[in-house]
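*Asks:*
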Ligand code: DER
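Residue numbers (full-length UniProt numbering): 7 to 229.
Quick look at the structure:
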């Protein structure tokens, strides 16, 4: 099975977590796009979605799924999203798609985070994938120096040769060289640094379930 086929498999498998009449929390990325496409096939059974990015909003609306603002809902039964890395406890590195801030917000609204991922995302220790951190532009160098002090190397994410600007108008640092032994403590520590909007460690908002696409089919991991 190709990686794309694994993503389709887990995107479809996530439908089992959608409750009729639901407003579904929807993440961002290529795996989530497979889920959105699958969701469209049952759109008559759901009320709509809360989206974590302009990109996902546009895909949902193009498929005729109503999109609600996060402020219009009290809570969501489920949030479906991908990950760049997921460890054995459901902690994740996210933000490869630059949507980490809104993803963490929508995840916080949901009773259950269901991660959908192909097996390449499964790791023992978080940190091989460059850690995305959304930052206020005036603070990038200061925050980069703090990561360097802990052995990391931080680079501003570029798009067409200029700093990428997120849906929230901020910049992203990608930090290599980290080995995140205690994701919960690391997320709390970095969240305190002035200028950090969101750090792409999802430990406080970790996954409760991971649908992992493998050559032998979908593995359901419960944390
Ligand atoms: O940016 C994100 O957090 C995405 O969910 C990312 O982690 C997974 O994207 P992919 O499904 O395209 O690999």
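Every residue gets a Cβ at the ideal spot worked out from N, C-alpha and C, and that includes glycine.
Please state if the CB of residue 17 and the CB of residue 115 are separated by a distance shorter than 8 Å.
*Replies:* Going by C-beta atoms, residue 115 is not nearer than 8 Å to residue 17.
*Asks:* Quick check on DSSP: helix, strand or coil for residue 85?
*Replies:* Looking at residue 85 - three-state DSSP - the assignment turns out to be strand.
*Asks:* Once DSSP output is grouped into helix, strand and coil, what is the label at residue 124?
*Replies:* Strand, per DSSP.
*Asks:* If I follow the unbroken alpha helix (DSSP H) through residue 161, where does it start and stop?
*Replies:* From DSSP, residue 161 is part of no alpha helix (DSSP H) but of the beta strand (DSSP E) over 159 to 162.
*Asks:* Give me, in chain order, the residues of the same chain whose beta-carbon lies closer than 7 Å to that of residue 98; leave out the 5 immediate sequence neighbours on both sides.
*Replies:* The residues are 89, 91, 92, 121, 208, 212 and 213.
*Asks:* Might you give, ordered along the chain, the residues of its own chain that have their beta carbon closer than 8 Å to the beta carbon of residue 210, omitting 5 neighbours on each side?
*Replies:* Closer than 8 Å at the Cβ level, and outside the excluded window around residue 210, lie 190, 193 and 194.
*Asks:* How about residue 62 and residue 173: are their beta carbons less than 8 Å apart?
*Replies:* Taking 8 Å as the Cβ cut-off, residue 62 and residue 173 do not qualify as a contacting pair.
*Asks:* At a threshold of 7 Å, does residue 220 count as lining the ligand DER (C-beta to nearest heavy atom)?
*Replies:* Outside the cutoff, so no.
*Asks:* Going by Cα to Cα distance, which pick from 25, 188, 228 and 64 is closest to residue 216?
*Replies:* The shortest C-alpha separation from residue 216 is found at 228.
*Asks:* Three-state secondary structure (DSSP) at residue 177?
*Replies:* Three-state result, residue 177: strand.
*Asks:* Report whether the distance from the Cβ of residue 63 to the nearest heavy atom of the ligand DER is below 7 Å.
*Replies:* No, since every heavy atom of the ligand DER falls outside the 7 Å radius drawn around the Cβ of residue 63.
*Asks:* Relative to the ligand DER, is the shortest distance from any of its heavy atoms to the C-beta of residue 88 smaller than 7 Å?
*Replies:* Answer for residue 88: yes, Cβ within range of the ligand DER.
*Asks:* What is the rounded straight-line gap between the Cα of residue 14 and the Cα of residue 52?
*Replies:* Residue 14 and residue 52: Cα-Cα distance of roughly 20 Å.
*Asks:* For residue 38, verify whether its CB is less than 7 Å away from any heavy atom of the ligand DER.
*Replies:* Yes, the beta carbon of residue 38 sits closer than 7 Å to at least one heavy atom of the ligand DER.
*Asks:* Can you tell me which of 34, 206 and 33 puts its alpha carbon nearest to the alpha carbon of residue 134?
*Replies:* The shortest Cα separation from residue 134 among 34, 206 and 33 belongs to 206.
*Asks:* Taking residue 62 as part of the alpha helix (DSSP H), name the residues at either end of that continuous run.
*Replies:* Looking at the DSSP string, the run of the alpha helix (DSSP H) that includes residue 62 is 60 to 68.
*Asks:* Is the closest heavy atom of the ligand PLP to the C-beta of residue 105 under 7 Å?
*Replies:* Ligands in the displayed structure: the ligand DER; the ligand PLP is not one of them.
*Asks:* Consult DSSP for residue 91 and reduce its assignment to one of helix, strand or coil.
*Replies:* Residue 91 falls in the strand class under three-state DSSP.
*Asks:* How would you write the range of the alpha helix (DSSP H) that residue 154 sits in, first residue to last?
*Replies:* From DSSP, the alpha helix (DSSP H) with residue 154 extends over 146 to 155.
*Asks:* To the nearest angstrom, report how far apart residue 187 and residue 143 are at their CA atoms.
*Replies:* Near 28 Å, if we compare the C-alpha coordinates of residue 143 and residue 187.
*Asks:* Using only alpha-carbon positions, find the residue among 185, 178 and 22 that is nearest to residue 202.
*Replies:* If we check each option's Cα against that of residue 202, 178 comes out closest.
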